[in-house]
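Notes follow the structure.
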Amino acid sequence: MVDSQQSKTTFFKNPDHGECLKYCLLAKLACLIVQVASINILPTHNADAFVPPNFLQNQTTINGIVNTTLVGFSRWDSLHFLHIAKRGYSHESQIAFFPLYPAVVRALKYALFPWAESSHDGLFIIAGVIANLFLFSASSILLYELTHIMFRNKSMALESVKYFCFNPASIFMTACYSESLFQFLTLSGLLAIEFGRLSVASTFLALSSLTRANGIISLGFVAYWHVTTISILSARVLRSARLVEQFGIFLTHALMILIPFIMFQSYSYYILCIDPNLPDRLQFCSTALSIPYTFIQRKYWSIGFLKYYQLKQIPNFILALPMMLICSWIVMKYFQANGKQFFKLILNFQSRRRGPFLWNNGHCLPFIVHLAFLTFVSIFYMHVQVITRFVLSSTPVVYWAIASAPNSKKYYFKVYSALYFVLGTILHSAFYPWT
1 MVDSQQSKTT
11 FFKNPDHGEC
21 LKYCLLAKLA
31 CLIVQVASIN
41 ILPTHNADAF
51 VPPNFLQNQT
61 TINGIVNTTL
71 VGFSRWDSLH
81 FLHIAKRGYS
91 HESQIAFFPL
101 YPAVVRALKY
111 ALFPWAESSH
121 DGLFIIAGVI
131 ANLFLFSASS
141 ILLYELTHIM
151 FRNKSMALES
161 VKYFCFNPAS
171 IFMTACYSES
181 LFQFLTLSGL
191 LAIEFGRLSV
201 ASTFLALSSL
211 TRANGIISLG
221 FVAYWHVTTI
231 SILSARVLRS
241 ARLVEQFGIF
251 LTHALMILIP
261 FIMFQSYSYY
271 ILCIDPNLPD
281 RLQFCSTALS
291 IPYTFIQRKY
301 WSIGFLKYYQ
311 LKQIPNFILA
321 LPMMLICSWI
331 VMKYFQANGK
341 QFFKLILNFQ
351 SRRRGPFLWN
361 NGHCLPFIVH
371 LAFLTFVSIF
381 YMHVQVITRF
391 VLSSTPVVYW
401 AIASAPNSKK
411 YYFKVYSALY
421 FVLGTILHSA
431 FYPWT
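Sequence positions in the sequence shown follow full-length UniProt numbering and run 1 to 435.
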C-alpha cells in the first residue's frame, strides 16, 4: 500500500505524464493514417458479419466525411456496439455485448451533437472514437502510475507505457470496441487497490463488469487484498470481531463488483424468456441457473471447451500464437524465478519485496495468477485469436514483462507489435477477418 496523500501531490505535477500523452497521440495518429489509407485504397471485403440496416446510407455531409475518414473503425464487433448505442438491444445475439460502452457512446454523441438526428450514424462513430482516444490516453497515465508504485522505477514505468501505446491490439483500442473503456476501469481499480481504497476500487471494477464479462475476474484482486489483510490481523492475534468485520467488508466489496453483472444477466433473461412479445419460449429458459451470456456465446459463437479446435481454425491459431507464447513465457519465468518462495509469497504478505523488475517483485503474484487464468480461458474456451486484445486490455503484466526483458526479447516484441499494429489496422479497417 502507498501513501495516497503523497501520490495525489505528485500525480498532477509529473512531467512524465506529458510523455505518456505524447506517445498516445503519436500512436493514435499513426493508427488513423493507416486506417484512412486502408479504407480509401483497399476494396471493402464482403464480410459475413452483422451490419445494421441502412448503416451510413443516409446521404448527409457527416456520413460522407466519416465514410472516407473513420468508417474503418466501425467493423465487426464495433457494429454491434454502435447499433446498441443507437437503438438498444434489438437482436438476441447482442446480449453478448455488455452495455456500458454503448451507453458512453450514446451519451457522448448527444452531449457533443445534441442538434443532430439519430440518422447520422457517422456521429456515433465519431463519439466512439473520441471516447476511446480519451480513455486510452487516461489509461496510459494510470499504467505509468501503477507501474511506478509497483516497481519504484520511473524508467520502467515510461517504457511500459511505450509498449502499451504501440501494442499489437492497437486497432481494437481505437475502433469502437469496449477494450479501452475496460482497460481504463481495470487500471483505475488496480491503482485504487494499491492506495488501499477498496471501496473506490470496487466501484471501478463493478463498472468494468458492466463493460466486459471478464470484469468479474478482477474480484480476485480485491479478494487477495482482503485475504492478506485478514492474515496480518490473525498474526497479531486480534479479536475475532475484527476479523468478522473485515470479512463483512470483503463481502460488501464482492457484491459491489458482482451486482452489475447480475443485473445485466437478469435484464438479458427478461429479453430472452419473459418479454410478453416473444414468439417462442427458449428451451434455455427452463434450465436452472442458466446464464444468458454463456447461452448466447454458445449459440452464436460456439464458445466452449476445445470447441474451437478445428482444422479450419489453424490460421487463427497462428494469428494468436505470439501472444500465447508470450503469456506462457511470462507465467513460467515468474514461477521459475520465485519457485522456492512461492508458498511464502502466497501465505506471508509481509515477506514480499517490491523489486525493480517483474521477476523479482513478489507483489506481482496476483497479477501473474490473473494472467495465467486469462491465458488458460483464451486458449481452451474462446476464439483463440481474441487472446491478443483480451489479454492486453485486461492486465498490465505483458507490458511489465517486456520492459523487464533483455534487449533481444524486446526487439522481437517490437517487431511483433509493429507488424500487428500496421497489418491489423489495414485488414480490420477493410473488413477482413482480423478480430
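Note that beta-carbon positions come from the ideal geometry of N, C-alpha and C, so glycine has one too.
Just so we're clear, the structure is a prediction, and the values are computed from it rather than from any experiment.
**Message:** Using 8 Å as the cut-off, can you tell me whether the region 363-380 makes contact with the region 284-298, which would need three or more C-beta pairs spanning the two stretches below that distance?
**Reply:** no
**Asked** By Cβ distance below 7 Å, which residues in the same chain neighbour Ile271 in space, the five residues on each side in sequence not counted?
**Response** Short of 7 Å from the beta carbon of Ile271, and not among the five residues preceding or following it, lie these beta carbons of its own chain, in chain order: Tyr89 and Ile95.
**Request:** In angstroms with no decimal places, state the Cα-to-Cα distance between Ser140 and Ser160.
**Result:** 9 Å
**Request:** Check Gly196 in the structure and name its three-state DSSP category.
**Result:** coil
**Asked** DSSP state of Leu133, grouped into three classes?
**Response** In this structure, DSSP gives Leu133 a helical state, which the three-state scheme calls helix.
**Request:** Helix, strand or coil for Thr228, going by three-state DSSP, please let me know.
**Result:** helix
**Request:** Assess, as a yes-or-no matter, whether the region 414-434 is touched by the region 213-220 under the definition of 3 or more beta carbon pairs within less than 8 Å.
**Result:** These segments do not touch.
**Asked** Looking only at C-alpha atoms, which of Gln385, Phe55 and Phe335 sits nearest to Val369?
**Response** Phe335
**Enclosing alpha helix (DSSP H) for Leu29 [first to last residue]** = Residues Asp16 to Ile41.
**Cα-Cα separation between Ala241 and Phe250, rounded to whole angstroms** = 14 Å
**Prompt:** Can you tell which of Asn54, His363, Tyr381 and Arg75 has its C-alpha closest to the C-alpha of Thr228?
**Reply:** His363
**Prompt:** Within 10 angstroms of its Cβ, does residue 468 collect 16 or more other Cβ (buried), or is it exposed?
**Reply:** With the chain covering only 1 through 435, there is no way to say anything about residue 468.
**Request:** Could you have a look at Glu92 and say whether DSSP puts it in helix, strand or coil?
**Result:** helix
**Request:** Counting only the same chain and skipping the five closest in sequence on each side, list residues whose C-beta sits under 6 Å from that of Pro292.
**Result:** Ile95, Gln265, Ser268, Tyr269 and Leu272
**Request:** Starting from the Cα of Leu289, find the closest Cα among Ile262, Ala192, Ser408 and Phe305 and give me that residue.
**Result:** Ile262
**Prompt:** Counting pairs of Cβ atoms below 8 Å between the region 126-145 and the region 181-188, do you hit three or more?
**Reply:** yes
**Request:** Note down, one range per segment and in chain order, each alpha helix (DSSP H) of at least 4 residues found wholly within the region 310-338.
**Result:** 314-338
**Prompt:** Which residues mark the beginning and the end of the alpha helix (DSSP H) in which Asp48 is found?
**Reply:** Neither: Asp48 is in no alpha helix (DSSP H) and is coded neither H nor E.
**Start-to-end residues for the alpha helix (DSSP H) that takes in Arg106** = Counted as a single uninterrupted DSSP element, the alpha helix (DSSP H) harbouring Arg106 occupies residues Leu100 to Leu112.
**Request:** Express the C-alpha separation of Tyr144 and Ser408 in angstroms, rounding to a whole number.
**Result:** 23 Å
**Message:** Considering only their Cβ atoms, is the gap separating Ala201 from Gly189 smaller than 8 Å?
**Reply:** yes
**Prompt:** Between which two residues does the alpha helix (DSSP H) harbouring Ala418 extend?
**Reply:** Run containing Ala418: Asn407 to Ser429, per the alpha helix (DSSP H) assignment.
**Request:** With a threshold of 7 Å, establish whether the CB of Gln35 neighbours any heavy atom of the ligand HEM.
**Result:** Among the components of this structure there are no ligands whatsoever, and the ligand HEM is therefore not found.
**Asked** Do Thr69 and Val36 have their C-beta atoms closer together than 8 Å?
**Response** Between Thr69 and Val36, the CB-CB gap stays under 8 Å.
**Whole-Å CB distance - Ser170 paired with Cys31, under 8 Å assumed** = 6 Å
**Request:** Compare the Cα-Cα distances from Ile259 to each of Leu205, Glu19, Gln310 and His226 and report the closest residue.
**Result:** Of Leu205, Glu19, Gln310 and His226, the residue nearest in Cα terms is Leu205.
**Prompt:** Hey, how far is the Cα of Ile65 from the Cα of Ile130?
**Reply:** If I take the Cα positions, the gap works out to 16 Å.
**Prompt:** Is Thr435 helix, strand or coil by DSSP?
**Reply:** coil
**Request:** Measure the Cβ-Cβ separation of Ile39 and Ala337 and say whether it is below 8 Å.
**Result:** no
**Prompt:** Based on Cα-Cα distance, which residue from Ser302, Leu142 and Phe413 lies nearest to Val380?
**Reply:** The amino acid occupying residue 380 in the given sequence is Phe; Val does not appear at that position. Residue Ser302 is the option with its Cα nearest to Phe380.
**Request:** Look at the alpha carbon of Lys22 and the alpha carbon of Asn14, and state the distance between them as a whole number of angstroms.
**Result:** 14 Å
**Item:** Cβ pair Met323, Val391 closer than 8 Å
**Value:** yes
**Item:** Three-state class that DSSP yields for Gln183 in the structure shown
**Value:** helix
**Request:** Please go through the same chain and pick out, in chain order, the residues whose beta-carbon is closer than 7 Å to the beta-carbon of Leu123, but skip the five residues on each side of it.
**Result:** Ile62, Lys109, Phe113 and Ala116
**Message:** Relative to the C-alpha of Leu371, which candidate in Phe50, Ala405 and Ser218 has its C-alpha closest?
**Reply:** Ser218
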